[in-house]
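**Q**
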Amino acid sequence: MSNKVRFLKFSDFNWEGVEVKQYKDERNTWLNVSRRVIVGKSGENTKFHVRYFEIAPGGYSTLEKHRHEHVVICVRGNGLAVAGDDVYEMNFMDVIYIGSNVPHQFINQSDEPFGFICIVDAKRDKPKLLKRSEIFELLKSEKVSKVVRIPETYPIQV
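Residue 1 is where the sequence shown starts when you use the UniProt record's numbering, and the numbers rise one by one after that.
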């Protein structure tokens, strides 16, 4: 395959030739999330990756932070983005930029899938779970405390 051109046929929130995978290997910090790497893992020579995440009704991503920035664009359904001490309602084509080390989580409280494109650097650090003190600070925000999902199995860092 030439890394100069790659065309991916779209159908029902899947792209031809793009594998659907579970969100992460460790399963104790998230619920009902799948991911697809659309660009960046199939021979393309990019400095960024374009990924699609889909959160099923009632699901949520890991509450985490990392040094790399990312841009998230809602393309299916609607959901919530917890970013720092605020909560944003995301609808079709809404965009959120999340800067370095901002704690964040995506949540689907609707009856439909919540799907979003996520653009990140190709070379990036691994996400980190929050420390107990960071979670405590987040929960001081009434908006955040009402919606954030921290499962009992979340391995809280000291």
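Glycine included, each C-beta is placed from N, C-alpha and C at the ideal position. All of these numbers come straight from a predicted model, not from anything done at the bench.
#1: I'd like to confirm the pairing. Which residues does DSSP put opposite I119 in its beta bridges?
#2: Just to confirm the assignment, what range does the beta strand (DSSP E) spanning L63 have?
#3: Using the DSSP secondary-structure output, state which residues sit across from V82 in a beta bridge.
#4: What is the rounded straight-line gap between the Cα of I156 and the Cα of C74?
#5: Do the stretch 80-98 and the stretch 118-133 make contact, defined as three or more Cβ pairs closer than 8 Å?
#6: In three-state terms, what does DSSP make of R132?
#7: Following the continuous alpha helix (DSSP H) through V144, name the residue where it begins and the one where it ends.
#8: Alpha carbon to alpha carbon, how far is Y52 from I117? Give it in angstroms, no decimals.
#9: For the beta strand (DSSP E) that I156 lies in, which residues bound it at each end?
#10: Apart from the five residues just before and just after V147, which ones in its own chain have a Cβ nearer than 7 Å to its Cβ?
#11: Which residues in the same chain as V144 place their Cβ atom closer than 8 Å to its Cβ, once the five residues preceding and following it in sequence are excluded?
**A** Short version:
#1: V50 and V71, per the DSSP bridge assignment.
#2: Neither: L63 is in no beta strand (DSSP E) and is coded neither H nor E.
#3: Bridge partners of V82: V87 and Q105.
#4: In a straight line, the C-alpha of I156 is about 29 Å away from that of C74.
#5: Put simply, the stretch 80-98 does not touch the stretch 118-133. Fewer than three CB pairs are less than 8 Å apart.
#6: In the three-state reduction of the DSSP assignment, R132 falls in the helix class.
#7: Taken as a continuous stretch (DSSP letters only), the alpha helix (DSSP H) holding V144 covers E142 to V147.
#8: Between I117 and Y52, the C-alpha separation is close to 4 Å.
#9: For I156, there is no enclosing beta strand (DSSP E), since its DSSP letter is neither H nor E.
#10: Sequence-distant partners of V147 (beyond 5 residues in either direction) whose C-beta falls short of 7 Å from its own C-beta, in its chain, are L80, V82, V87 and I107.
#11: Same-chain partners within the cutoff: V82, D85, D86, V87 and L138.
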